[in-house]
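Shown next, in structure tokens, is the structure this report addresses.
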Ligand code: AP5
């Protein structure tokens, strides 16, 4: 009884949370964010999804981003920040959000802090999904076969992992220093990982 009361309390306490989801390509950010948004009733904001939608729509931004993304490199900071500012003008972010795919480097981390301070929506938690490289490669190879995403080719995956190590991994220390970082083991079943995330946020 006590345990169930505690579980209920911790779930209610984590509503309205503003979460940054961190992790290497293939670590399960998109998979977990899709489930977590329903549990927390907050929007999922994925910069990768916004960019892929622009590519599919053939907008000027999409035409520019398509070539960059196919190589596994990062789209320019200015473009992605502009896109994000537009998304944060929507009212639904007032009830919290899960931000997936941003920040990808220290400049983006600082720009995000400035933007969210201006909007009075500071980050509560930065949640890092830890997954070993062999598992990342296996998952991305599986998705390449199943879905044929343009940047899941072996060359693009190798570059995405390199970019992650060089530019994105330092962002983990950034949130460690701010006190917002929580780390969750990201190997196991999708449901097991979701429960670990819920426990870590509570
Ligand atoms: P983005 O879309 O953010 O891609 P990514 O970070 O490379 O991440 P992925 O989507 O590959 O992986 P994920 O961690 O979401 O894992 P998923 O849940 O899909 O970015 C794409 C590109 O856009 C970038 O390279 C860049 O060019 C550009 N971009 C985006 N944001 C940018 C920014 N801020 N600045 C500049 N450029 C930016 O899972 C992967 C696979 O594993 C799936 O098939 C899934 O079904 C499977 N899986 C997941 N969990 C499990 C599990 N527990 N067990 C078994 N399989 C699992």
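In our numbering, the protein residues as written are 14 to 215. Using N, Cα and C, we set each Cβ at its ideal position, and we do this for glycine too. Model, not experiment: these values are computed from the prediction.
- According to the DSSP assignment, residue 133 belongs to no beta strand (DSSP E), since it is labelled neither H nor E.
- Where residue 112 is concerned, the enclosing beta strand (DSSP E) starts and stops at 110-113.
- Counting only residues of its own chain and dropping the five nearest sequence neighbours on each side, residue 74 has a CB closer than 6 Å to the CB of 67.
- Per DSSP, residue 155 is one residue of the alpha helix (DSSP H) stretching across 146-160.
- Within the stretch 51-113, the complete beta strand (DSSP E) runs of at least 3 residues fall at 57-59, 110-113.
- Exposure of residue 204 is indicated by the presence of fewer than 16 other C-beta atoms within 10 angstroms of its C-beta.
- Taking each of 85, 51, 49 in turn and checking the Cα distance to residue 180, the smallest one comes out for 85.
- Shortest gap from the CB of residue 166 to any heavy atom of the ligand AP5: 7 Å or more.
- Within the DSSP secondary-structure output, residue 116 pairs in no beta bridge.
- Apart from sequence neighbours up to five positions away, the residues of its chain that approach residue 93 with a beta-carbon distance below 6 Å are 60, ordered along the chain.
- Beyond the five residues adjoining it in sequence on each side, residue 183 comes within less than 7 Å, by CB distance, of 119 in the same chain, given in chain order.
- Within the chosen limit of 7 Å, the ligand AP5 reaches the beta carbon of residue 201 through at least one heavy atom.
- The DSSP-derived three-state label of residue 36 is strand.
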